[in-house]
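The structure appears right after this line, and notes come after that.
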């Protein structure tokens, strides 16, 4: 048994027939085509094959029609040998006096009608599969189009995963679409009585194996990146304390009124443990700090309130990248709050006694003398005494998300803006 790679395209019917007949003249008879990879076939040495001829017949709608055709062709001296996927049935004839299956290109073209219809149906199916596979990316582009570019800028693994996923989908969709278009063109020319010339593929012995190797490498790379992405990526590390906060920042203690005692309780310790401060980096955003601070503030007048401050600081490699990140952060934060509010309203009948309802929620584009862009989200829960604010801002290539809960929401923004300006200088 000897294996050969098909040196012609699948839509080059005349070329495939020529190839089969050339191998037959050399003493090789066709045994089978690969079920997984149509471009590979097995042949067996045979002296009888030197006097035979092969022809292709487009496969019709179902197996029943294939059997009926095979029976009719058998009466004409042609016997069924193998089929190439769902495209062609291969027939062999050892009688040189037997008539041809098709005497003119028009007849062959009309015989391809059902094959073309099935191919377009296959294109529709694979396009639906591609949409399903990319549903998360497509959904994000529809609901929050700026969030995806932002995440690709901030996360190396996600960017590579998206690239691999899109490459895999395109490498599956385009060949099917291209093959279908080529089949349709071939049929149109045959119906018009024109037989297109055959073209032998260059390096056919290497093209298919290299495609298999590239596909395997793509799968391995995707698995590795998925594993790294699920673990948070190797470019993220925890920050043990404030001594490692080597970026423009503000602390919770300096924004509280003078004389305030700040105590970290068990609840805050759990919150900080579950949401640790981290440093991350990517090719396009080499500095990404995410810090959390929380505690019980005992004011000079004796009143105690929970106070929180979180800061996400990002420094990109260019102003344009920072603008993308800023827009994505605004959209992301707004989307999260809307989803939270929708979930609360949906679950209100079941958790009414324990739920935190929004007392108010506002989004405002505001200006600041030291910043290039600034958006403020103001909100408060009905069971809290202090309001909350989230500022998303940008100064040159620096972007920040500052979330504050406390008696004074303006002081931390002003302090941070001054320190960002100093960093920019």
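In my numbering, the protein residues as written are 2 to 426. Here a beta-carbon is modelled for each residue, glycine too, at the ideal position from N, C-alpha and C.
Query                                                                                                                                                                                  : Result
Beta carbon of residue 294, beta carbon of residue 252: below 8 angstroms?                                                                                                             : yes
Report the rounded CA-to-CA distance for residue 355 versus residue 381, giving the unit in angstroms.                                                                                 : Here the model assigns residue 355 a pLDDT of 44, short of 50, so the residue's position is not dependable, and the following value carries that caveat. Their backbone Cα atoms lie some 16 angstroms apart in a straight line.
Of the residues 421, 411, 389 and 149, which one's Cα is nearest the Cα of residue 397?                                                                                                : 421
Counting C-beta neighbours from all protein chains within 10 Å, is the total for residue 302 16 or more, i.e. buried, or is it exposed?                                                : exposed
Would the beta-carbon of residue 286 fall within 8 angstroms of that of residue 326?                                                                                                   : yes
Write down every uninterrupted run of the beta strand (DSSP E) in the region 25-112 whose length is 3 residues or greater and which is fully enclosed by it, in chain order.           : 29-34, 41-46, 54-59, 80-85 and 89-94
Which same chain residues end up closer than 6 angstroms to residue 250 when comparing Cβ atoms and leaving out the 5 residues on each side of it in sequence?                         : 312
Where do the ends of the beta strand (DSSP E) carrying residue 401 lie?                                                                                                                : 399-406
Can you list, in chain order, the residues of its chain with a C-beta nearer than 7 angstroms to that of residue 197? Leave out the 5 residues immediately preceding and following it. : 187 and 190
Considering only their Cβ atoms, is the gap separating residue 60 from residue 90 smaller than 8 angstroms?                                                                            : yes
For residue 261 and residue 412, what's the separation of their Cα atoms in angstroms?                                                                                                 : 15 angstroms
Mapping the DSSP letters down to three states, classify residue 190 as helix, strand or coil.                                                                                          : helix
Excluding the five sequence neighbours on either side, which residues of its own chain have a C-beta within less than 8 angstroms of the C-beta of residue 334, listed in chain order? : 378, 391, 393 and 402
Quick check on residue 75: buried or exposed, where buried means 16 or more other Cβ atoms within 10 Å of its Cβ?                                                                      : exposed
Is it right to say residue 317 is buried, meaning 16 or more other beta carbons lie within 10 angstroms of its own, or is it exposed?                                                  : buried
Let me check understanding here. Comparing Cα to Cα, which of 416, 108 and 14 lies closest to residue 55?                                                                              : 14
Who pairs with residue 305 in a beta bridge, going by DSSP?                                                                                                                            : 299
Check each candidate in 35, 315 and 24 and name the one with the smallest Cα separation from residue 395.                                                                              : 315
Taking all protein chains shown into account, decide if residue 329 is buried (16 or more other Cβ within 10 angstroms of its Cβ) or exposed.                                          : buried
Taking DSSP as the reference, what is the three-state secondary structure of residue 355?                                                                                              : For residue 355, the predicted structure reports a pLDDT of 44, less than 50, and the residue's modelled location is therefore unreliable. The matter cannot be settled from this model.
Quick one: grab the DSSP three-state call for residue 411.                                                                                                                             : coil
In this structure, does DSSP put residue 14 in helix, strand or coil?                                                                                                                  : helix
By the DSSP assignment, the alpha helix (DSSP H) with residue 1 in it spans what residues?                                                                                             : Outside the displayed span of the chain (2 to 426) sits residue 1, for which this structure offers no information.
Could you say if the region 64-72 and the region 41-53 meet the contact criterion of at least three C-beta pairs nearer than 8 angstroms?                                              : no
Tell me which same chain residues have a C-beta within less than 8 angstroms of the C-beta of residue 84, skipping the five on either side of it?                                      : 34, 60, 67, 90 and 91
Rounded to whole angstroms, how far is the Cβ of residue 283 from the Cβ of residue 374, which I believe are closer than 8 angstroms?                                                  : With a Cβ gap of about 21 angstroms, residue 283 and residue 374 do not count as contacting.
Within 7 angstroms: the Cβ of residue 272 and any heavy atom of the ligand MN?                                                                                                         : Here there are no bound small molecules, and the ligand MN is not part of this structure.
Could you give the first and the last residue of the continuous alpha helix (DSSP H) run that contains residue 144?                                                                    : 136-144
Can the beta-carbon of residue 94 be found less than 8 angstroms from the beta-carbon of residue 111?                                                                                  : no
What's the call for residue 266, buried or exposed, on a 16-neighbour Cβ count within 10 Å?                                                                                            : exposed
Can you list, in chain order, the residues of its chain with a C-beta nearer than 8 angstroms to that of residue 123? Leave out the 5 residues immediately preceding and following it. : 177 and 181
Please state whether DSSP places residue 238 in a helix, a strand or coil.                                                                                                             : strand
Relative to the C-alpha of residue 324, which candidate in 363, 239, 150 and 304 has its C-alpha closest?                                                                              : 150
Report back the beta-carbon spacing between residue 298 and residue 263 to the nearest angstrom; my notes put them in contact at under 8 angstroms.                                    : 6 angstroms
Quick one: Cα of residue 278 to Cα of residue 120, how far?                                                                                                                            : 54 angstroms
Given this structure, state the Cα-to-Cα distance separating residue 166 from residue 304, to the nearest angstrom.                                                                    : 55 angstroms
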